[in-house]
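> Quick one: this structure, given as structure tokens, is what I'll be asking you about.
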Amino acid sequence: MELPANVFKFKLAAKAADTPLYGCWLGLANAYTAEIVATADFDWLLIDGEHAPNTVVTILDQLRAIEPWPAAPIVRAVNHDPALIKQLLDIGTRTLMVPMVETGEQAAALVAAMRYAPAGIRGMGAGVIRADRWGSVADYATRADDSLCLITQVESKTGVDNVEAIANTDGVDAVFVGPADLSTNMGHVGNPGHADVQASISHVLDVTQAAGKAAGILAPAEVDTNRYREAGFDFIATGLDVVMLKTAADANAARHRGGLPAADRSTY
């Protein structure tokens, strides 16, 4: 059996220079809703293990639900724990996002957690893991790196200061900006549009792309999506399933209780 391809890496390599890959955050921790979103025309979907009530098992269920569809799955770990990273890789995660990366040393440790010895410390589970199709992928241990992708999140002033070391770490494929955490860490709570925050975001973008790596960002507001697309980000999260459901539910309830103009109510 062939080594499973990393669809996200393939899409990044194949995309037009001026057209980012658009994605959606999955925070409902449910395979059924993940499959619904997978039928939309997103390039990638992020299964959130940091702020959603996910476990390794619920993440596995969502990977299975998304797999038949074109959208490339990404899994975000809750932390840097190499034991958890091992489990996420073993269940078939091929693109891993890790939050709060602040130094080159942390980035290198994450790379090591994703690689087998002698290049890393990933525990060997050959023959009993979904990633190698339970022993059906020949030489999986020596070829696994070809199917893996590591995205490091820069979400603090320290991370911005050290982004050159992070982006230039061998084994890091992309750097993703978290505007909410970054603005909060910089003292501009709830204001990622602040000039200082925007300057830091531009710096991360420039340094990351200068290192030959892809740069991504979360931008559910359309004005931000447009701004970051024009800036040249390679992949952008434009939606969050939790927010989309909440927004639609609020609008529906308001429409039928008279909270919206009659013209709006009639369009449902």
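Using my numbering, read the sequence shown as starting at 141 and increasing by one per residue.
Think of the CB as a built atom: it goes at the ideal place given N, C-alpha and C, for glycine as much as any other residue.
1) Whole angstroms is fine: what's the gap from Ala350's alpha carbon to Asn392's?
2) Between Ala335 and Pro222, what straight-line distance do the alpha-carbon atoms span, to the nearest angstrom?
3) Can you list, in chain order, the residues of its chain with a C-beta nearer than 6 angstroms to that of Ala248? Leave out the 5 residues immediately preceding and following it.
4) Tell me whether the beta-carbon of Met264 lies closer than 9 angstroms to the beta-carbon of Ala281.
5) In three-state DSSP terms, what is Val347?
6) Do you know how far the Cα of Arg262 is from the Cα of Met326?
7) Under 8 angstroms by Cβ, that's how I've got Ala271 and Leu229 pegged, so tell me the actual separation to the nearest angstrom.
8) Let me make sure I understand the geometry here. Which of Val215, Ala388, Arg395 has the alpha-carbon closest to that of Phe148?
9) In whole angstroms, what is the alpha-carbon distance linking Thr348 and Asp313?
10) Report the partner residues of Trp165 according to the DSSP bridge assignment.
11) Since Met237 is in the beta strand (DSSP E), which residue starts that stretch and which ends it?
12) Counting pairs of beta carbons, one from the region 232-247 and one from the region 198-218, are three or more of them closer than 8 angstroms?
13) Check for me: the alpha helix (DSSP H) holding Phe150 runs from which residue to which?
14) Mind checking which residues open and close the alpha helix (DSSP H) that includes Leu200?
15) Alpha carbons only, please: which of Gly318, Leu152, Leu161, Val268 is nearest the one belonging to Ile341?
16) What is the C-beta distance between Val300 and Val315, in whole angstroms, given that I count them as a contact (C-beta under 8 angstroms)?
17) Under the rule that 16 or more other beta-carbon atoms within 10 Å means buried, what is Val238, buried or exposed?
18) What do you get for Val254, buried or exposed, if any count of 16 or more other CB atoms within 10 angstroms of its CB means buried?
19) Which residues bound the beta strand (DSSP E) around Val300?
20) May I ask you to list the residues that DSSP assigns as paired with Gly356?
21) For Asp286, I'd like the list of residues in its chain whose CB is within less than 7 angstroms of its CB, leaving aside the five on either flank, ordered along the chain.
22) Nearest CA to the CA of Val128: which residue from Ala153, Gln293, Ala377?
23) Can you tell which of Ala180, Gln338, Gln227 has the C-alpha that lies nearest to the C-alpha of Ala211?
24) Using only the alpha-carbon positions, how far apart do Arg273 and Ala266 sit?
On the basis of the supplied data:
1) Looking up residue 350 in the sequence shown gives position 210. Looking up residue 392 in the sequence shown gives position 252. Ala350 and Asn392: Cα-Cα distance of roughly 46 angstroms.
2) Counting from one through the sequence shown, the residue named residue 335 turns up at place 195. Counting from one through the sequence shown, the residue named residue 222 turns up at place 82. Cα to Cα, Ala335 sits roughly 36 angstroms from Pro222.
3) Within the sequence shown, residue 248 is the residue found at index 108, counting from 1. If we look at Ala248 and ignore the five residues flanking it on each side, its Cβ neighbours are Thr309.
4) Counted from its first residue, the sequence shown places residue 264 at position 124. Counted from its first residue, the sequence shown places residue 281 at position 141. Closer than 9 angstroms, so yes.
5) Position 207 of the sequence shown, counted from the start, is the residue given in the question as residue 347. DSSP places Val347 in helix when its eight states are reduced to three.
6) Residue 326 sits at position 186 when you count from the first residue of the sequence shown. Residue 262 sits at position 122 when you count from the first residue of the sequence shown. Distance between the alpha carbons of Met326 and Arg262 is about 34 angstroms.
7) Numbered from 1 along the sequence shown, position 131 holds the residue referred to as residue 271. Numbered from 1 along the sequence shown, position 89 holds the residue referred to as residue 229. So it is a contact: roughly 6 angstroms between Cβ atoms.
8) Mapped onto the sequence shown, residue 148 falls at position 8. Among Val215, Ala388, Arg395, the Cα nearest to that of Phe148 is on Val215.
9) As a first step, residue 348 must be located in the sequence shown, where it is residue number 208. As a first step, residue 313 must be located in the sequence shown, where it is residue number 173. Whole-angstrom Cα-Cα distance: 10 angstroms.
10) As a position in the sequence shown, residue 165 is number 25, starting the count at 1. DSSP output for Trp165 lists Leu186, Leu380 as bridge partner(s).
11) The residue you call residue 237 lines up with position 97 of the sequence shown. Start and end: 235-238.
12) yes
13) On the sequence shown, residue 150 is found 10 positions in, with the first residue counted as 1. It spans 147-154 - the alpha helix (DSSP H) in which Phe150 sits, taken as one unbroken run.
14) Walking along the sequence shown from the start, residue 200 turns up at place 60. Element bounds for Leu200: 196-206.
15) Taking the sequence shown and counting its residues from 1, the one referred to as residue 341 is at position 201. Taking only the C-alpha atoms, the option nearest Ile341 is Gly318.
16) Reading the sequence shown from its first residue, position 160 is the one you call residue 300. Reading the sequence shown from its first residue, position 175 is the one you call residue 315. Not quite, the Cβ-Cβ distance comes to about 10 angstroms (not below 8 angstroms), so this is no contact.
17) Walking along the sequence shown from the start, residue 238 turns up at place 98. Classification of Val238: buried, given that the 10 Å Cβ count is 16 or more.
18) Residue 254 sits at position 114 when you count from the first residue of the sequence shown. In the sequence under discussion, the amino acid at residue 254 is Met, which differs from the Val named in the question. It is buried - the Cβ of Met254 has at least 16 other Cβ atoms within 10 Å.
19) Position 160 of the sequence shown, counted from the first residue, corresponds to residue 300. First-last for Val300: 297-301, but that is the alpha helix (DSSP H), not the beta strand (DSSP E).
20) Here residue 356 is taken as the residue at index 216 of the sequence shown, counted from 1. Partner(s): Phe316, Phe375.
21) If you number the sequence shown from 1, residue 286 lands on position 146. For Asp286, where only same-chain residues beyond five positions count, the Cβ hits under 7 angstroms are Leu143.
22) It is not possible to answer for residue 128, since the shown part of the chain is limited to 141 through 408.
23) As a position in the sequence shown, residue 211 is number 71, starting the count at 1. Checking every option, the nearest Cα to that of Ala211 belongs to Ala180.
24) Against the sequence shown, residue 273 aligns to sequence position 133. Against the sequence shown, residue 266 aligns to sequence position 126. Straight-line Cα distance between these residues: approximately 9 angstroms.
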